[in-house]
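A.B. asks: Chains as they are written, first to last, in my numbering: chain A, 176 to 519; chain B, 29 to 670; chain C, -4 to 204.
Don't be surprised by glycine CBs; every beta carbon is placed ideally from N, CA and C.
Just so it is clear, the structure is predicted and the values come from calculations on it, not from any experiment.
Pasting a structure here, questions to come.
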Amino acid sequence: MSRRLLHGTFASAVLALSGCAALHGPQSSAMGNGVESALIGRLFDAFLWVAVAVYLFVLAYLALAARRGRLNRQRGDGIQGEPPGGAEPGWHLGLVTFASVTALILFGLALATWFTDRAIARSAAGKAISVEVIGHQWWWEVRYHDPVAGRELRTANELVIPAGANVKVSLSSPDVIHSLWIPNLAGKQDLIPGRTSDLNLKVPRPGEFRAQCAEFCGLQHAKMALPVSVKGPADFAGWYNAGLATPPIPTGGLAFAGYSLFIGRQCASCHNIAGTPASGQVAPDLSHIASRKTIAAGALPMSTANLDRWIADPQGVKPGNQMPQVPLTDAERGAVVAYLETLK
Amino acid sequence: MSDGKASERTYLRDGPDLTGAPLHDKLLATWQDRPGFWGWAGSVDHKSIGRRYLVTAFVFLSLGGVLALLMRSQLASSNLHLLGPDRYNQIFTMHGTTMMFLFAVPVMDAMAIYLVPLMVGTRNLAFPRLNAFSWWMYVAGGSMLWIAFVLNVGPDAGWFSYVPLAGPEFSPGKRVDFWAQMVTFTEVAALAVAVSITATILKGRAPGMTLARTPLFVWAMLVVSLMVIFSMPAIALASAMLMADRMVGTQFFNSYEYGDSLLWQHMFWFFGHPEVYIIFLPATGFVSEIVQTFTGRQVFGHTAVVLSLVATGLLAFGLWVHHMFATGLPRMGYAFYTAASMAVSVPSGIQIFCWLATIWTGRPRFTLPMLWVVAFIVTFVLGGLTGVMLASVPVDLQVHDTFFVVAHFHYVLIGGAVFPLLGAITYWFPKFTGRMMNERVGRIAFWIAVPAFHLTFFPMHFLGIMGMPRRVYTYPGGMGWDTLNLVASIGAFVFAAGVVVFIGNVLWSARNGEPAGDDPWGAPGLEWATTSPPQPYNFPHQPVVLDATPLWNPERAVARGLRVEDREVVLTTVFEARPDLREPSPVPTLWPMIAAAATTVLFVSSIFAPWAVVIGSVPVAIALIAWFWPKDRSHEGEPVVD
Amino acid sequence: MASAPPTIQDFSLDLAPLETHAFGHRSLTWWGIVAFFLIEGTAFALAIAAYFFLMDKDSAWPPPPFAPPDLLAGTLFTILILLSEIPNTLVKWAAEAYDLPRVRRLLVFIGLIGAVLMVLRAFEFNSLNVLWHQNAYGSVVWMLLVLHTTHILTDWIDTLVLAALMFTPHGTEGRRFVDCSENAVYWRFVWLLWLPIYVLIYWLPRLVN
């Protein structure tokens, strides 16, 4: 009996350790790239060690109990039937000790939790950059607020923040509940219609990460990702200013043909491109789409071929999403793609 | 009150003058069901109803299991196209809904319905017709839901059906309505069973079975039944509010009209958290009974175990907000729920300590039921530890809504409820059928299922930490998730094979198993004092209980004086179990089935037309009045002495 | 490993002298009724909690421009249902005294009161000054009133059926008197539950603004 237990424990340990190796990645909570995720990661480690210790204790208790019990049976020892009242005082003491130690351990874990919470809250203090993320079925609208008038930046399906700074992300949704989860950087927060909640980000070093919606929000919940880019302060400023600039309207060639199509067909009724008549509010802002790394909230990597594929058959890529199939010939579509690629 | 005619009657009663075979013949005539389909349909015998609950629950387990295999096939690798998003979302919704509403609670109810009257030493449950009614309601609700699913109008908003996604604007059509109404069916069924079980345990115990002498499984079911009574109204009300929002335009959950989508979450989880303990606590009752029998001693710390059951039941009502840690509620409030969610592990830990102490100090026999208990400990404890992790808000904010949670709850639900259930079925199978399950096949099933379970669900902890969210129909490549998902999917199929072997063993052994006597395991409980399977009347004479382990006591006592030509049980006082009343027990009748049919028409048609709520109530009222209208007078106006 | 056959069949306890019906908590019916109290009470407690949850926002309650419900019908209803406790208690005492003629008279009388209450309830619905679909306030007020109406409607019909039953030969059976006593207890639950709902629907909106 106890040998089987030993084998089982060994096997589990191997399984566990083999998993540890692969915990890194651009969408992993184990990386601790942000101040909050680092603090949480340490707290999790503490819980993990306690859990391993407790689990080993229970396994040992089980193995010893089985062994002792088997001896009892062989020797005709042990208690049978109903023990008299007041019997087994040693075991009762053991029970009380066990319950007390459990409670103490839990208290310690609760204390560790409280300290982590405080540290997270303190890290968020101070002046912050203010960003608003609005969740939609199944894309992310992102608005940067700047106290200086005329410096509001609107974009979609990308979140870019400066390293080393406090970033306060306020979250809301006009449709269903979503959840913004950037595991490398912080815990998640839900985007709930009728409420606004906050997520604080503070990331010491630049890096590229991936976030994903973490609250089931319908058909394409699985493909509602958000690339998160943390840039050095200078790079961030450069990106921000480029984002504020109005993209030039093409003067000729394929791009101009694409521009005309974009304005003339349904595209403009849903999408917004700064400096053009296209001012639709219900779909992602495309003013600087060419500078983004993915299309359709992480559904496809950005490339000419993928832009073409997306416009040709949005329902094929992301069945059920809100973008209709716009009737365009191959040549027309090529022109639209060429235009979109100028929107850096 | 009494009329003159009755005082002239004498009644045949059991006793030293009427015992053995002649008594058996009389009792059989009084208590057995009529033959054929209508006899079965009108049965109010708790054993018949318990058996059908068990079979139905396992049918739904199998259906839910197939859905799991479909999901694991789709997720075995990145970017697979076996299932599109619409079908996948229906499948994961149906999997959770089927397992939670149509399997987990009903299967525990099944065991309780069958075992509780036998364990407390009475002939039937209190309110036997209500019990029969509950099974018809359960089957009707489950069937309605599955028919909708097969017709591609199954619910697709998750088993928890969050608004606004599940509301009228974002889930048009009838899909979510089928889900919400299925909830109504199953809640009515579960509440009916809870009322029946509570009254049986408090009033129907054998004379001498004080609360201190009451078996631990019975205690567990008492706590669970009270939990059902206090938690299920929450979801019944919530699902009614959801249907009202969807069908008659109320604004409960519409934040644009002063409503609040968090109201749904609070109400759902106020039910949802106690629900998982409603599933878990009966399993702890199984473990206590099995450990007691196979160590040969009463469970150590009997009082501590009872108090732990009660404490868990109470604490369970104070945890629900831990499902909402990411919704942005005040952090100060969250701290309370962290503390309570951690504290609830203490009583469960105490139970485990006591079981292990029992094994340590007793003479354990590691039969198959005990092996399932070992699997339970090894699995459930791990799940409980990840539960403590989830209780911490910062940790939860990372792993909430990821595969880490999927791993956690499968560890506690399969480890904590299904493993004990499989042990319990193996243990009580001889009592239900009169035959033993095949030991070798049973061990094969065990050694396939238990390791495969870990192979399936352990990797999911890592997937969650590595960023894989829940409820996704596919995931991109290059995330490092592919291998772990493949391992989990393979494990799922192997686990399913183990379950199939178990079920096959049950089916085969029911006809071909080695015949078992009354008490093949040498167990102490009253249920083993009957034949295997028990007679329709359970006990020939009313047992009288002298201690907590009746069959380990060479001294046995029975009472005399119950009528044998009419159905009669004895009611005792709540604490001391002193005999108090003789209670007539209802005879078989089709009215519960008819009432359930009328209620089914009411519930299903109100999905399609709100006015059906009013019109459909009329047949239900008529059926209920006919049900309760007294039908015969053979037991009325009885004088105190013949 | 079967256990030894029992060595004693005692028979010293004789159950024949026990009665076959009793009032109050000794009867199973009482336990069934109490269980239903707990279930319905919990449902109402949650509905009331939902009311407070929705009310606890920044805006006024009821949301403008809606006015609170008119007081007349609801207050008349409340007064009448409180008065109905008098015949209700009388019927309980009569049942426990096995006084069949009195039980019959009182049950019919209570049935008639129930009819008047249902009429008043209809007027209440008409004077809520908001419809269920206009906003969440309207939804929750209608929900409370509909829930209670279902409650009182089922008990009223129960009472009518019981009254009819007491006029049949079954009316002489001891267990039927227990049913009458339990029905009276249930009626108490119906009006007790009404009181907080009355305050919530009619007075709270007037007191918070």
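Return helix, strand or coil for A:T504, following the three-state DSSP convention.
C.D. replies: Reading the first sequence from its first residue, position 329 is the one you call residue 504 of chain A. A:T504 falls in the coil class under three-state DSSP.
A.B. asks: Does the Cβ-Cβ distance between A:V210 and A:K406 come in under 8 Å?
C.D. replies: What you label residue 210 of chain A is simply residue 35 of the first sequence in a count that begins at 1. What you label residue 406 of chain A is simply residue 231 of the first sequence in a count that begins at 1. Cβ atoms of A:V210 and A:K406: not closer than 8 Å.
A.B. asks: Evaluate B:M360 with the Cβ neighbour count: other Cβ atoms within 10 Å of its Cβ, from every protein chain shown; 16 or more gives buried, anything less gives exposed.
C.D. replies: The residue labelled residue 360 of chain B in the question sits at position 332 within the second sequence. So B:M360 ends up on the exposed side.
A.B. asks: Starting from the Cα of B:T121, find the closest Cα among B:W187, B:S106, B:R62 and give me that residue.
C.D. replies: Counted from its first residue, the second sequence places residue 121 of chain B at position 93. Of B:W187, B:S106, B:R62, the residue nearest in Cα terms is B:W187.
A.B. asks: Quickly, what does DSSP pair A:T330 with across the bridge? List them, please.
C.D. replies: Numbered from 1 along the first sequence, position 155 holds the residue referred to as residue 330 of chain A. Note: A:T330 sits in a beta bridge opposite A:V317.
A.B. asks: How long is the line joining the alpha carbons of C:P60 and C:L202, rounded to whole angstroms?
C.D. replies: Along the third sequence, read from residue 1 onward, the residue named residue 60 of chain C stands at position 65. Along the third sequence, read from residue 1 onward, the residue named residue 202 of chain C stands at position 207. Those two C-alpha atoms are separated by around 17 Å.
A.B. asks: Provide the residue span of the alpha helix (DSSP H) that contains B:W164, from first to last.
C.D. replies: As a first step, residue 164 of chain B must be located in the second sequence, where it is residue number 136. Taken as a continuous stretch (DSSP letters only), the alpha helix (DSSP H) holding B:W164 covers 156 to 178.
A.B. asks: What in chain B is Cβ-close to C:D150, meaning under 7 Å?
C.D. replies: Taking the first residue of the third sequence as position 1, residue 150 of chain C is located at position 155. The contacting residues do not exist; C:D150 stays about 13 Å from chain B at best.
A.B. asks: Which one of B:S316, B:T502, B:S633 has the shortest CA to CA distance from B:I552?
C.D. replies: As a position in the second sequence, residue 552 of chain B is number 524, starting the count at 1. One point to set straight first is that residue 552 of chain B is Pro, not Ile, in the sequence displayed. Closest by alpha carbon: B:S316.
A.B. asks: Residue range of the beta strand (DSSP E) that B:P23 falls in?
C.D. replies: Given a span of 29 to 670 for chain B in the structure shown, any question on residue 23 of chain B remains unanswerable.
A.B. asks: Along the alpha helix (DSSP H) that carries A:C388, what are the first and last residues, could you check?
C.D. replies: Here residue 388 of chain A refers to the residue found at position 213 of the first sequence. Run containing A:C388: none in the alpha helix (DSSP H); it sits in the beta strand (DSSP E), 382 to 388.
A.B. asks: Have a look at B:Q570, B:W639, B:L239, B:M271 and flag the residue whose alpha-carbon is nearest the alpha-carbon of B:F6.
C.D. replies: Here chain B has residues from 29 to 670 only, and residue 6 of chain B is not among them.
A.B. asks: Hey, is C:N130's beta-carbon within less than 8 Å of any beta-carbon in chain B?
C.D. replies: Sequence index remark: in the third sequence, residue 130 of chain C carries index 135 (1-based). It does: the Cβ of C:N130 has a partner Cβ on chain B nearer than 8 Å.
A.B. asks: CA-CA distance, C:C175 and B:I225?
C.D. replies: Sequence index remark: in the third sequence, residue 175 of chain C carries index 180 (1-based). Sequence index remark: in the second sequence, residue 225 of chain B carries index 197 (1-based). Cα to Cα, the separation comes out at about 24 Å.
A.B. asks: Could you compute how far the alpha carbon of A:E507 sits from the alpha carbon of A:F219?
C.D. replies: Working through the first sequence from its first residue, we reach residue 507 of chain A at position 332. Working through the first sequence from its first residue, we reach residue 219 of chain A at position 44. In a straight line, the C-alpha of A:E507 is about 54 Å away from that of A:F219.
A.B. asks: Specify the secondary structure class of A:V403 as computed by DSSP and reduced to three states.
C.D. replies: Position 228 of the first sequence, counted from the first residue, corresponds to residue 403 of chain A. It is a strand residue.
A.B. asks: Exposed or buried, what is A:T371 when buried is set at 16 or more other beta-carbons lying within 10 Å of its beta-carbon?
C.D. replies: As a first step, residue 371 of chain A must be located in the first sequence, where it is residue number 196. Looking at its Cβ environment, which holds fewer than 16 other Cβ atoms inside 10 Å, A:T371 is exposed.
A.B. asks: What's the call for A:S275, buried or exposed, on a 16-neighbour Cβ count within 10 Å?
C.D. replies: For this step, residue 275 of chain A is matched to residue 100 along the first sequence. The residue in question, A:S275, is exposed, as its Cβ has fewer than 16 Cβ neighbours within 10 Å.
A.B. asks: With 16 as the cutoff for other CB atoms within 10 Å, does A:Q500 come out buried or exposed?
C.D. replies: Counting from one through the first sequence, the residue named residue 500 of chain A turns up at place 325. By the neighbour-count rule (16 or more Cβ atoms within 10 Å), A:Q500 is not buried but exposed.
A.B. asks: Listing by chain order, which chain A residues have their CB less than 9 Å from the CB of B:A557?
C.D. replies: Stepping through the second sequence from its first residue, residue 557 of chain B is reached at position 529. Result: empty, since nearest Cβ-Cβ is about 16 Å, beyond 9 Å.
A.B. asks: When DSSP labels each residue in this structure, what does B:R359 get in the three-state scheme?
C.D. replies: Taking the second sequence and counting its residues from 1, the one referred to as residue 359 of chain B is at position 331. Residue state, collapsed to three classes: helix.
A.B. asks: Compare the Cα-Cα distances from B:S171 to each of B:T84, B:A96, B:M147 and report the closest residue.
C.D. replies: For the purposes of this step, residue 171 of chain B is identified with residue 143 of the second sequence, where counting begins at 1. Minimum Cα distance to B:S171 is reached at B:T84.
A.B. asks: Out of C:I34, C:P96, C:T144, C:M50, state which residue places its alpha-carbon closest to the alpha-carbon of C:E119.
C.D. replies: The residue given as residue 119 of chain C occupies position 124 in the third sequence. That would be C:T144, whose Cα lies nearest to the Cα of C:E119.
A.B. asks: Excluding the five sequence neighbours on either side, which residues of its own chain have a C-beta within less than 7 Å of the C-beta of B:E672, listed in chain order?
C.D. replies: Here chain B covers residues 29 to 670 and nothing more, so residue 672 of chain B does not appear.
A.B. asks: Compare the Cα-Cα distances from A:G269 to each of B:L491, B:W388, B:T628, B:A185 and report the closest residue.
C.D. replies: Taking the first residue of the first sequence as 1, we reach residue 269 of chain A at position 94. Nearest of B:L491, B:W388, B:T628, B:A185 to A:G269, Cα basis: B:W388.
A.B. asks: What residue range is occupied by the uninterrupted alpha helix (DSSP H) comprising B:S267?
C.D. replies: Here residue 267 of chain B refers to the residue found at position 239 of the second sequence. Residues 244 to 275.
A.B. asks: Report, in whole angstroms, the separation of the C-beta atoms of B:W536 and B:T454, which I expect to be a contact under 8 Å.
C.D. replies: On the second sequence, residue 536 of chain B is found 508 positions in, with the first residue counted as 1. On the second sequence, residue 454 of chain B is found 426 positions in, with the first residue counted as 1. Their Cβ separation, rounded to whole angstroms, is 13 Å, which puts B:W536 and B:T454 out of contact at 8 Å.
A.B. asks: Would you grab the beta carbon distance between B:A311 and B:L143 for me? Rounded to a whole angstrom, and I think it's under 8 Å.
C.D. replies: Locating residue 311 of chain B in the second sequence gives position 283, where the first residue counts as 1. Locating residue 143 of chain B in the second sequence gives position 115, where the first residue counts as 1. Incorrect: roughly 13 Å between the Cβ atoms, too far for contact.
A.B. asks: According to DSSP, simplified to helix, strand and coil, what is A:E211?
C.D. replies: For this step, residue 211 of chain A is matched to residue 36 along the first sequence. A:E211 falls in the helix class under three-state DSSP.
A.B. asks: Since C:A11 meets chain B, which of its residues come closer than 7 Å, beta carbon to beta carbon?
C.D. replies: Here residue 11 of chain C is taken as the residue at index 16 of the third sequence, counted from 1. Within 7 Å Cβ-Cβ: R41, G589.
A.B. asks: Name the chain A residues that come within less than 9 Å of B:N117, Cβ to Cβ?
C.D. replies: For the purposes of this step, residue 117 of chain B is taken as the residue at position 89 of the second sequence. Result: F391, G393, L394, H396.
A.B. asks: Starting from the beta carbon of C:M161, find every residue of chain B whose beta carbon is closer than 8 Å, and list them in chain order.
C.D. replies: As a first step, residue 161 of chain C must be located in the third sequence, where it is residue number 166. The contacting residues do not exist; C:M161 stays about 11 Å from chain B at best.
A.B. asks: Run through the region 262 to 302 of chain A for me and flag every whole alpha helix (DSSP H) of 4 or more residues, listed as ranges in chain order.
C.D. replies: Whole alpha helix (DSSP H) segments, 4+ residues: 264 to 298.
A.B. asks: B:E611 versus chain C: which residues are under 9 Å apart at the beta carbon?
C.D. replies: As a position in the second sequence, residue 611 of chain B is number 583, starting the count at 1. Here the neighbours are T15, H16, S22, L23.
A.B. asks: Check whether chain C comes within 8 Å of B:P658, counting only Cβ atoms and requiring the distance to be less than that.
C.D. replies: Position 630 of the second sequence holds residue 658 of chain B. Yes, because at least one Cβ of chain C sits closer than 8 Å to the Cβ of B:P658.
A.B. asks: Kindly list the residues whose CB is nearer than 6 Å to the CB of A:E390, restricted to its own chain and excluding five residues on each side of it in sequence; keep chain order.
C.D. replies: Taking the first residue of the first sequence as 1, we reach residue 390 of chain A at position 215. So the list reads I352, H353, S354, D365, once near-sequence residues are dropped.
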